[in-house]
Amino acid sequence: WALGLYLSDSLADTHVANLRSHLTNEARLASKMAVPYVEDDAEGLDTLAKEVGQEIDARVTIIDRDGWVLGDSDSDPATMENHADRPEVVEGLSGTIGVSTRYSLTLGYHMMYVAAPIESGGTVVGVARLALPLSQVNAYTASVTRAVAIAAAIASAVAVVLAILIARLTTNPVRKLTQMSASIAAGELDHRIQISSKDEIGELAEAFNNMASKLKDMVSTVSGERDKMAAILSNMADGALIVDAQERVAMANAAAERMFRLAERDMLSRSFIEVARDHELADVLKRCLRSGQQQSGQVETEPDHRFLRMVATPIETEGEAGCLIILQDLTELRRLETVRRDFASNISHELRTPLASIK
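Just so we're aligned, residue 45 is where the sequence shown starts under my numbering, counting upward by one.
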């Protein structure tokens, strides 16, 4: 719109300049035609003004050196007032081309006046003045403004349509990338973006697809390792627990559940002393956390008289110090060792008497 207004003003100024140049040339021509009449037939100037005015379709006025009208194409010179104070007449009498644009009280609209000096024998004896209403310029400006406004409206509509199309072409791939990001965040790693463009959006889409593929491979690898670890922990005969720096249980396997007669959900987030219910086991854990080195110990639990061996190894859990606890139930081994000792003692006692007799 700003460009349209600028073009409209520029065309109007150009039209006014062309009109001024055209009137200047015709005023000079009229001044030359008036020279013979000024010298020999002053009364014929009015007829000349009317003929020239009709020919060029403009108002022609012949004015003498004192400002009195000698001929006019539209009015009777005798009824017209003195024009000596008109700006264009003053300039014309000074020997130059006079140009003025002003509101005509006689006609009731704006006019453009151009006055050319009439010279005879090297002396300015009057001026030939031409006038045209600016209504023509205004009509031309209005038509140009309408044309520019229509062109600007069409250009704006086309620009809006193109902007919408370009926005869709630009935002659709971005929307697809956003949807894919949400899908990846939701764990749908099989989702892919189909974008055929080779621009930056296409490169970004390809990078997203590659990232999704690599994430899927990584997740598969991690899931496989996790499943293996879960299978190992579930089938271990020894109890395994992970305890954080605050001595809270973060993980426990099935063997630990059997040893402490608690489900894993009942052990999680509880302190180790609450789960183990044995201060000697808790002391082993405290030594490990305090020293940062592996600690071990054997205890006999009360009241079931089980013998447990505990090994606490320092690890990191979520960036903090923690411990991996391995618990071995040695109760059966202790019982078998006791049976073996008792058997050897009994055999020794029973064989002592016969051996003594034989001896």
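Virtual Cβ for every residue (Gly too), placed ideally from N, Cα, C.
- Glutamate 269: member of the alpha helix (DSSP H) spanning 244 to 279, first to last residue.
- Our two residues, alanine 296 and methionine 273, have alpha carbons roughly 13 Å apart in a direct line.
- Scanning the stretch 283 to 359 from its first residue to its last, the whole beta strand (DSSP E) runs of 3-plus residues come out as 283 to 287, 293 to 296 and 339 to 344.
- Partner residues in the beta bridge of arginine 146, as assigned by DSSP, are Met155.
- Looking only at Asp234, Ile162, Asp271 and Ile276, the smallest Cα-Cα distance to lysine 258 is reached by Asp234.
- Ranking Thr145, Gly139 and Pro177 by CA distance to the CA of threonine 167 puts Gly139 first.
- DSSP places proline 177 inside the beta strand (DSSP E), whose first and last residues are 167 to 177.
- Note: leucine 371 is bridge-paired with Gly283 and Met354 in the DSSP secondary-structure output.
- Pairing isoleucine 162 with valine 79 gives a Cβ-Cβ distance under 8 Å.
- Aspartate 386 sits in a helix when the DSSP states are folded into three classes.
- By the Cβ neighbour-count rule, glutamate 232 is exposed, with fewer than 16 other Cβ atoms within 10 Å of its own.
- Taking the Cα positions, arginine 305 is about 9 Å away from valine 319.
- For glycine 115, the three-state secondary structure derived from DSSP is strand.
- Contact between the stretch 367 to 379 and the stretch 391 to 403 is absent: fewer than 3 CB-CB pairs across the two stretches fall below 8 Å.
- If you check the CB distance, methionine 303 and leucine 325 do not come in under 8 Å.
- Per DSSP, the beta bridge partners of valine 104 are Leu174.
- Short of 8 Å from the beta carbon of valine 293, and not among the five residues preceding or following it, lie these beta carbons of its own chain, in chain order: Leu285, Ile286, Val287, Met311, Leu312, Ser313, Arg314, Ser315, Phe316 and Val319.
- Counting other Cβ atoms within 10 Å of its Cβ, arginine 236 stays below 16 and is therefore classed as exposed.
- Isoleucine 210 and valine 204 have their alpha carbons spaced roughly 10 Å apart.
- Threonine 58 counts as exposed, since fewer than 16 other C-beta atoms from the protein chains shown sit within 10 angstroms of its C-beta.
- Closest by C-alpha distance to alanine 93, out of Asp84, Ser119 and Gly111, is Ser119.
- If you draw a 10 Å sphere on the C-beta of serine 65, you find fewer than 16 other C-beta atoms in it, and that means exposed.
- Between glutamine 372 and asparagine 279, the alpha-carbon positions lie close to 14 Å from each other.
- Where proline 131 is concerned, the enclosing alpha helix (DSSP H) starts and stops at 131 to 137.
- Taking 8 Å as the cut-off, the beta carbon of isoleucine 141 is found closer than this to the beta carbon of threonine 68.
- Shown here, isoleucine 162 sits in a strand according to DSSP, grouped into three states.
- Between the C-alpha atoms of alanine 196 and valine 202 there is a straight-line separation of about 10 Å.
- Here serine 117 is buried: its Cβ has 16 or more other Cβ atoms, across all protein chains shown, within 10 Å.
- Going by C-alpha positions, serine 148 is about 11 Å away from leucine 178.
- With a cutoff of 8 Å on beta-carbon distance, valine 343 and leucine 352 are scored as near each other.
- The residue from His323, Gln337, Ile359 and Gly336 with its alpha-carbon nearest to that of threonine 345 is His323.
- Just measuring C-alpha positions, the residue of Met156, Lys260 and Trp112 sitting nearest glycine 170 is Trp112.
- Arginine 173 places its beta carbon less than 8 Å from that of threonine 105.
- Taking the Cα of glutamine 337 as reference, the smallest distance to any Cα among Thr357, Thr214 and Leu114 is reached at Thr357.
- Here valine 158 is near alanine 71, since their CB atoms are less than 8 Å apart.
- Taking C-alpha positions only, glutamine 290 is separated from serine 267 by approximately 28 Å.
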